[in-house]
Every structure is written in structure tokens, then in C-alpha cells.
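>
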DNA sequence: GCCGTTTTCGGCCCGACTGTTTTCAGTCG
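Numbering (our numbering), first residue to last: 22 to 593.
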């Protein structure tokens with residue numbers, strides 16, 4: 022992956038442009054790999070070229086990298102262009118053309134040389150550059166420290182910032198609607214910058230309020246309809262104000278992904294139309310065909326509305342066309358939550374009573390209380406305390422006639438795949454979630470064995486956050502996904518879709534692979550430790566959509582009787 | 001470099017902004 026990204030950067034220099042067809046093809050290949058759950062390093066030439074966006078040439082480069090650890094073409098280009106020139110291209114305002122120009126005319130190939138050239142005022146002598154460009158580049162270099170390396174943020178942090186900005190702008194006079202777009206709306210795991218889309222009577226009033234938000238450390242630009250700011254030390258937030266009649270087109274444009282947009286525009290051209298951020302219009306007359314809602318525009322392109330979480334150009338458009346796209350699962354379809362903690366656990370913050378009250382208020386029909394089991398020493402419950410909790414649940418049941426309460430536990434999958442408590446004690450539970458909380462570094466074979474053992478255990482109904490990843494912190498365990506999906510499919514054990522924005526576990530490519538290759542079932546769970554965390558369910562639902570999971574594969578969408586039958590079948 | 005119910009060759013998304021220019025190149029999203 023990293024090697025292919027290098028190939029992209031060097032090819033931009035070789036071609037002297039950032040959008041050559043070759044670099045675009047490479048970029049598409051990288052996207053295709055990222056959204057594929059299989060390990061490309063283990064694949065054959067034929068398997069690789071099967072993947073949409075990867076042809077013979079790229080496939081051979083991947084094979085070459087798998088066997089030799091490098092790509093000859095990249096090594097050749099490194100001789101022509103020092104790696105420091107790639108660094109230069111990261112400076113805002115410097116693209117491949119100007120970086121090549123620097124090398125040719127000033128023999129500048131790195132940041133140090135560039136700084137010296139700026140001091141000597143040499144940049145302004147170059148064709149197409151002047152005094153102002155020189156100043157801008159100088160400024161960009163001084164900011165490079167802040168924006169260097171990986172400036173993408175975790176989705177949890179981005180979401181928080183977006184909501185803060187939105188709540189601040191809501192009170193601005195004349196604001197009609199505010200939505201976040203971009204990768205945040207698509208629920209990407211990491212977010213580059215936050216895109217906020219506003220419809221309002223007056224753009225300038227909104228921009229004015231936006232650039233004066235608390236926490237703004239830099240204003241990168243501002244006009245009457247758009248502005249960019251930096252919040253804190255590195256979060257870029259872009260604002261666009263559009264007329265109400267363009268809301269649908271603008272939302273589509275700013276939601277992306279870029280690849281999805283390009284595919285739609287190509288589709289528009291095939292139909293004698295052109296699509297931009299203002300409208301879908303007839304290419305000859307210029308008449309607007311659709312603009313106000315996303316659904317209108319998709320409809321005029323002969324497509325059903327495609328959920329933002331699916332807009333990655335990984336086959337969603339042809340699936341939509343053929344009617345094979347799963348109906349996007351809706352939060353309203355969920356009838357219960359199957360991974361819930363209470364203050365009985367060391368880390369639960371709301372009482373059992375409060376968690377049940379909130380569940381009823383949200384209209385849940387069933388719930389599994391799953392506090393930590395005893396092997397999680399810090400927070401787990403001893404057998405005695407588990408029995409105490411069971412008695413409390415029994416005493417509370419009459420007060421919740423509309424809610425079926427299952428007494429469960431979040432069991433720990435040990436190093437060897439065993440779980441807490443004795444088999445007889447486990448029999449006493451109504452429900453079991455088993456999760457990995459330790460030994461993240463074992464081999465693929467060992468991790469797979471652990472998961473398979475837990476899947477086969479009759480006390481286990483759901484495997485909680487199966488990879489154990491924490492976004493931005495740890496990658497999660499590596500395991501043989503196909504073996505795990507197959508085992509869970511035949512045993513009837515569901516795989517969790519954990520709703521927490523720091524987990525979103527399983528990942529979307531894994532989910533999609535599981536859906537497409539097996540009949541495995543899923544459970545969308547909040548893993549709530551507080552009543553407020555029930556609303557994380559929306560992220561779990563969005564993650565399911567990202568993984569193309571249809572609602573009939575989700576156990577908490579089942580009718581109560583069917584759900585209880587599934588639980589019982591597993592435990593007998 | 002990729003891809004194909006218009007094509008195995010000849011196409012490949014669209015616009016804003018900026019700074020540099022007298023009509024446009026480069027960069028960005």
C-alpha cells in the first residue's frame with residue numbers, strides 16, 4: 022500500500038501533473054485495495070486483476086512488491102527525483118509542475134533549498150510565480166510542522182468538532198439548514214477535514230459567524246459563500262453556503278467520495294447531462310433537470326438514492342442499477358440492544374434502573390444486560406455479584422412490561438479461547454457476548470483458534486467487537502477472517518457491529534466480505550456504559566450500511582419471538 | 001493505466017480560487 026502511494030507521488034512528478042490518467046488509475050487501485058478485506062499480498066495475478074480498478078500492470082507491481090519488497094519502477098524514479106521532492110509537493114501551493122520547475126531552474130529539491138531560494142527572492146523570478154506566491158509558500162513552510170505527516174483525525178474527534186460547529190451556527194440569523202458532509206457523512210474511519218454545508222438567506226452573515234467561532238486559530242480563507250478555518254492546532258473546517266434550491270446537488274458534491282462523484286458525472290454525460298455542485302442539467306439547453314434533493318438527482322440518473330456510507334465507487338452504482346444494493350438498514354428497524362453495561366460493572370456509569378428506563382423511552386422491545394465477567398479483574402463481576410444483579414433484574418422485570426430483559430454477561434476470551442466461569446454457572450445466563458480484551462499480539466493462527474473456540478461455545482451468542490481495534494490507538498488482532506465467518510455462520514453465533522466511534526468493529530470491508538461469502542448473522546450493539554451512549558446506535562447502523570449488511574441478517578432487527586428463538590437455539 | 005450493451009482503441013469529471021496574465025496555468029477539493 023505504502024509502496025503504491027509512493028508510486029503515485031513519483032508518477033505525478035514523472036508526468037508533471039497531479040491528474041494524469043496514469044496517476045488516477047493508481048489512485049483507483051489503492052482505493053480498491055483499501056476497500057477489499059483480503060490480503061492482496063497473498064493473491065495471485067488472476068485474483069488481483071479480478072478486482073475492479075486493478076489491471077495487469079498494477080497487479081504485476083503488487084506481485085513484484087510481495088516477492089521482492091520493492092517496485093523497480095519506484096526505485097528508478099527515486100534516482101531521478103530525490104524523495105525530498107515528494108516532501109515539497111506536500112507544501113500547499115506546490116504541485117508537481119512547480120516542484121519540477123524548482124528542480125530545473127533553481128536546482129532546489131528539498132525544503133532547506135527552497136527556504137534559501139525564498140530568502141534570496143529567487144522564486145519570484147520564475148515564470149508563473151511572483152512576489153505573492155513566494156510569500157504564500159514561505160508562510161506554508163512555516164506552517165508545515167503543524168500539518169505534516171498524518172494530519173487525519175479519528176472520526177470520534179471529528180464528529181465532536183462538527184457537532185460543536187453546527188450547534189454554534191444554528192443560532193445565526195437566516196440559517197435554514199446545516200449539514201456535515203464529506204468523509205464524516207460517509208462515516209470514514211479517519212477524517213481529513215470537516216465539511217459543513219449551510220443553506221441560508223445571507224452567506225456573508227454565516228461566514229462572519231464561522232470565522233469568529235470560539236477555538237479558531239487560523240483563517241485560511243473567507244469569501245461570501247465559503248471559508249476555511251483551523252480549529253485547535255490542526256483541525257481544518259471548510260464551510261460552504263449554497264442556495265436552498267441547490268441543496269441536494271451540493272450535498273452530493275461535498276459528500277463525495279470523489280470517485281463516486283466522478284462515476285456519477287460520467288453517468289450524467291452518457292445521458293446527455295452534466296452534474297456539478299449546483300445541479301444536474303441538460304448539457305445542450307442548460308436547463309436544470311434536478312438539484313433540490315439527492316433523491317431527485319439519483320432518480321434522473323436512473324438510480325435509487327444511495328446511502329452516503331456506500332458512496333465509495335466500490336460497486337454501489339452498478340448494484341443500485343441492478344437492484345442488488347441492500348435496502349439501507351434504518352435505526353428504526355432495531356428492536357433492542359444486545360451489549361449494555363450498568364454501574365454493576367466497574368466502568369459502567371448509569372444504574373441498571375436508569376439503563377432500563379432509557380431503553381423503554383427509546384422504544385426498545387428487548388435488551389441484554391451484559392456487564393463484564395470476572396476475568397476482567399478491574400471491572401468484572403464475581404459469580405456472587407452476578408447472582409445479585411440477576412435478583413435485581415428479576416425484581417425489576419414487573420415494572421417493565423414492554424421490555425424483555427435478558428441477563429447476560431460480556432465474557433472474556435482468554436488466551437486459549439476459554440471464557441469466564443464454569444459451564445454450569447454459564448448456563449444460568451440468558452445471553453452471552455464474548456470479546457477479546459487482551460493478548461492482542463498473538464499470531465494469526467492463535468487468534469483464529471481463540472475466536473473459533475469462543476464461537477463454538479454454547480454460552481456465547483455474540484462475538485463482541487471481534488477485532489478489538491481502537492481507532493487511532495491500536496489496529497486490532499489479525500485473524501483468518503474467512504474461517505471465522507464460516508464458523509460463525511454454521512454455529513449461528515452473531516458477529517457484533519460495535520457502534521462506538523472508537524471501535525466501529527468489525528470494519529466495513531470485513532462486514533462486506535462476511536455478507537458476500539457466508540450467511541453469518543450480525544448484532545448491532547452500543548456497548549453503552551451510560552444512558553447517553555444508547556444514541557451511538559446510529560453509528561452502528563451506519564457502519565452496517567457501510568458494510569452492505571441487510572437488516573434480515575441483523576439479529577436485533579428480528580421480531581421478539583424470532584429473536585428469542587435464535588437465542589435459545591444457540592444455548593441448548 | 002484501466003476499461004468496454006455504443007468501444008480491445010480511444011476515451012477518461014467539474015468548478016473555484018489565486019496569482020499571474022492580457023486569456024490562462026497551477027492547485028485544490
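Where a beta carbon is used, it is the ideal one built from N, C-alpha and C, also for glycine. Fair warning: this is a prediction, and the values are worked out from it, not measured in the lab.
In whole angstroms, what is the alpha-carbon distance linking residue 571 and residue 219?
Rounded to whole angstroms, residue 571 to residue 219 spans 32 Å at the Cα level.
> For residue 90, I'd like the list of residues in its chain whose CB is within less than 7 Å of its CB, leaving aside the five on either flank, ordered along the chain.
Counting only Cβ-Cβ distances below 7 Å, and skipping sequence neighbours, we find nothing.
> Would you say residue 492 and residue 175 are within 8 Å of each other, going by their C-beta atoms?
Contact flag set, yes.
> Using a Cβ-Cβ cutoff of less than 7 Å, which residues in the same chain neighbour residue 168 once the five nearest sequence positions on both sides are dropped?
Bear in mind that a pLDDT of 46 at residue 168, under 50, signals an unreliable position, so the number given afterwards is only what the model happens to contain. If we look at residue 168 and ignore the five residues flanking it on each side, its Cβ neighbours are 255.
> Beta-carbon within less than 8 Å of residue 404's beta-carbon, same chain only, minus the 5 sequence neighbours each way: which residues are those?
Only 395, 442, 446 meet the Cβ criterion.
> Where residue 365 and residue 564 are concerned, what is the direct C-alpha to C-alpha distance, given to the nearest angstrom?
Distance between the alpha carbons of residue 365 and residue 564: 29 Å.
> What residues in its chain sit with their C-beta under 7 Å from that of residue 304, if we drop five residues either side in the sequence?
The answer, listed in chain order, is 293, 294, 295.
> Which stretch, first to last residue, makes up the beta strand (DSSP E) that contains residue 550?
That residue, residue 550, is in no beta strand (DSSP E); it is neither H nor E in DSSP.
> Looking at residue 190 and residue 196, is the spacing between their C-beta atoms short of 8 Å?
The answer is yes: Cβ separation under 8 Å.
> Pull up the distance between the alpha-carbon of residue 592 and that of residue 481, whole angstroms please.
Their backbone Cα atoms lie some 8 Å apart in a straight line.
> Let's see if you can read the secondary structure: which residues bound the alpha helix (DSSP H) around residue 124?
117 to 127 is the extent of the alpha helix (DSSP H) around residue 124.
> Could you give the DSSP three-state label for residue 196: helix, strand or coil?
The answer is strand: DSSP assigns residue 196 an E or B state.
> Could you work out which residue in 123, 24, 288 is closest to residue 98 when comparing CA atoms only?
Looking at the Cα atoms, 24 is the closest of the given residues.
> Among 421, 351, 348, which residue has its Cα nearest to the Cα of residue 377?
It is 421 whose Cα lies nearest to the Cα of residue 377.
> Among 397, 387, 360, which residue has its Cα nearest to the Cα of residue 367?
Comparing Cα positions, the closest option is 397.
> Is the beta carbon of residue 355 sitting closer than 8 Å to the one on residue 545?
Yes.
> Assuming residue 389 contacts residue 361 under a Cβ cut-off of 8 Å, what Cβ separation, rounded to an integer in Å, is found between them?
At roughly 7 Å, the Cβ-Cβ gap stays under 8 Å, so residue 389 and residue 361 are in contact.
> Among 470, 478, 413, which has the Cα closest to the Cα of residue 432?
Among 470, 478, 413, the Cα nearest to that of residue 432 is on 478.
> For residue 475, which residues from the same chain have a beta carbon less than 7 Å from its beta carbon, with the 5 sequence-adjacent residues on both sides left out?
434, 438, 440, 455, 481, 484.
> Based on the DSSP output, what are the partners of residue 10 in its beta bridges?
Residue 10 lies beyond the residue range present for the chain, which begins at 22 and ends at 593; the question has no answer from this structure.
> Checking 8 Å against the spacing of the C-beta atoms, do residue 112 and residue 139 come in under that value?
Going by C-beta atoms, residue 112 is not nearer than 8 Å to residue 139.
> Grab the span of the alpha helix (DSSP H) containing residue 376 for me, first residue to last.
Segment 373 to 382, the alpha helix (DSSP H) holding residue 376.
> I'd like the list of long-range same chain contacts for residue 424, defined as Cβ closer than 8 Å, with 5 residues on each side in sequence excluded.
Contacts found: 377, 380, 381, 385, 386, 387, 388.
> Could you check if residue 429 is buried or exposed, using at least 16 other CB atoms within 10 Å of its CB as the buried criterion?
Buried is the call here.
> What residue does the alpha helix (DSSP H) around residue 338 start on, and which one ends it?
Note, residue 338: alpha helix (DSSP H), 337 to 343.
> Taking DSSP as the reference, what is the three-state secondary structure of residue 572?
Helix, per DSSP.
> Jot down the residue ranges of each uninterrupted beta strand (DSSP E) in the region 273 to 302, minimum 3 residues, whole runs only, in chain order.
For the region 273 to 302, whole beta strand (DSSP E) runs of length 3 or above, ordered along the chain, are 294 to 296.
> Could you name the residues that DSSP lists as bridge partners for residue 134?
Note: residue 134 sits in no beta bridge, so no partner.
> Quick one: Cα of residue 444 to Cα of residue 450, how far?
In a straight line, the C-alpha of residue 444 is about 10 Å away from that of residue 450.
> Counting pairs of Cβ atoms below 8 Å between the region 537 to 551 and the region 568 to 585, do you hit three or more?
Segments in contact, yes.
> Can you have a look at residue 170 and say buried or exposed, based on whether 16 or more other CB atoms are within 10 angstroms of its CB?
With a pLDDT of only 47 at residue 170, under 50, the local geometry of the prediction cannot be trusted, and the value read off the model is given with reservation. That one is exposed.
> For residue 198, does the count of other Cβ atoms within 10 angstroms reach 16, so buried, or fall short, so exposed?
Its Cβ having fewer than 16 others within 10 Å, residue 198 is exposed.
> Quick one, are the C-beta atoms of residue 550 and residue 412 less than 8 Å apart?
Their beta carbons are not under 8 Å apart, which means residue 550 does not touch residue 412 by this criterion.
> Buried or exposed, going by whether 16 or more other CB atoms sit within 10 Å of the CB of residue 42?
So residue 42 ends up on the exposed side.
> On the CB-based measure, 16 or more other CB atoms within 10 Å of its CB, does residue 495 come out buried or exposed?
Per the 10 Å Cβ criterion, exposed.
> Taking the straight line between their C-alpha atoms, what separation do you get for residue 142 and residue 114?
Between residue 142 and residue 114, the C-alpha separation is close to 17 Å.
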